[in-house]
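When we follow this note's numbering, the leftmost residue of the sequence shown carries the number 1220, and every step to the right adds one.
Note that beta-carbon positions come from the ideal geometry of N, C-alpha and C, so glycine has one too.
All figures in this text were calculated on a predicted structure; none of them were measured in a lab.
Shown next, in structure tokens, is the structure this report addresses.
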Amino acid sequence: MLLLSLDTSTAACSVALHQNGTLLGCYELFTERTSAAMLTTLIDDVVKQAGFELSMVDAVAVAKGPGSYTGLRIGVSTAKGLCFALDKPMLAVNTLAAMAAQVQAFYPVDYVLCPMIDARRMEVYCAFYGVDGQEIRTTSAEIIDEQSFSEQLAQGPVVFFGDGAAKCQSVLGSNSNAIFLDKLIVPSARTIGALATPLFAQGQFENVATFEPFYLKEFMTTVPKKPLAV
């Protein structure tokens, strides 16, 4: 089974190709602004460099969110377009789950993993996972203060990571059970593909026509105030 995976949920843009669960290639860009043109180029490159044609892909997996509104729209729209054009099924993976999968092998079973994506101001998108990948606390948008995650921190070590963890560290860093990684962990198509592989075997496909990204909260824009009439 040849699986193409996409992740554009944050500023990082990545594409990976897996065959029967084995990573064949992964291209990543770390830029301030992801574009559909960048993503298309990465897709073409990773498939060709691995020695395949795009028509040979069996399914397309995408990071469904949470994350950047614009980034998610680009990734999901691209995945849908590929699935429609190639007549292939689509799989979707929670971005935070894929982040947790990057670090779960490095911690003992009594640790809890908390991937975080910056949601501006003192808010983050986060969830709790065990080192076995099981979800402990569902994805939510949290405003960070001194009482945040107090119940979980009272039970044992919690590892915070991702681009939203820095604002949490400034508030919770004195707690001995709060562990913050020095290395920035960003979402990657590598782990999107790894988590999507068993979903393919289980037939857990998305409805390509109706699927929407997991935004978690409404997209907010700033509307200029109208000048007062004189």
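Per the DSSP secondary-structure output, Leu1223 pairs in a beta bridge with Leu1236 and Val1279. The criterion of a C-beta distance shorter than 8 Å is satisfied by Leu1372 and Ala1397.
The straight-line gap separating the alpha-carbon atoms of Gln1423 and Ser1393 is approximately 42 Å. Secondary structure note for Tyr1288: its alpha helix (DSSP H) is the uninterrupted segment Tyr1288 to Leu1305. Residue environment analysis places Asn1426 among the exposed positions, since fewer than 16 neighbouring C-beta atoms fall within 10 angstroms of its C-beta. Under DSSP, Glu1425 takes part in a beta bridge, and its partners are Met1309. Following the DSSP letters along the chain, one finds Phe1249 inside the beta strand (DSSP E) bounded by residues Thr1241 to Phe1249. Pairing Ile1411 with Ser1224 gives a Cβ-Cβ distance under 8 Å. Residue environment: Gly1352 is assigned as exposed (fewer than 16 neighbouring CB atoms within 10 Å of its CB, all protein chains considered). Spatial neighbours of Cys1387 in its own chain (CB-CB distance under 6 Å, excluding positions within 5 residues in sequence) are listed in chain order as Ile1363 and Phe1379.
Taking C-beta atoms under 8 Å as the contact rule, Leu1273 and Val1265 fail to qualify, at a distance of about 10 Å.
Taking 8 Å as the upper bound for CB-CB distance, Lys1299 and Val1276 are not in contact here, some 14 Å apart. At a Cβ-Cβ threshold of 8 Å, Val1377 and Val1343 do not count as neighbours.
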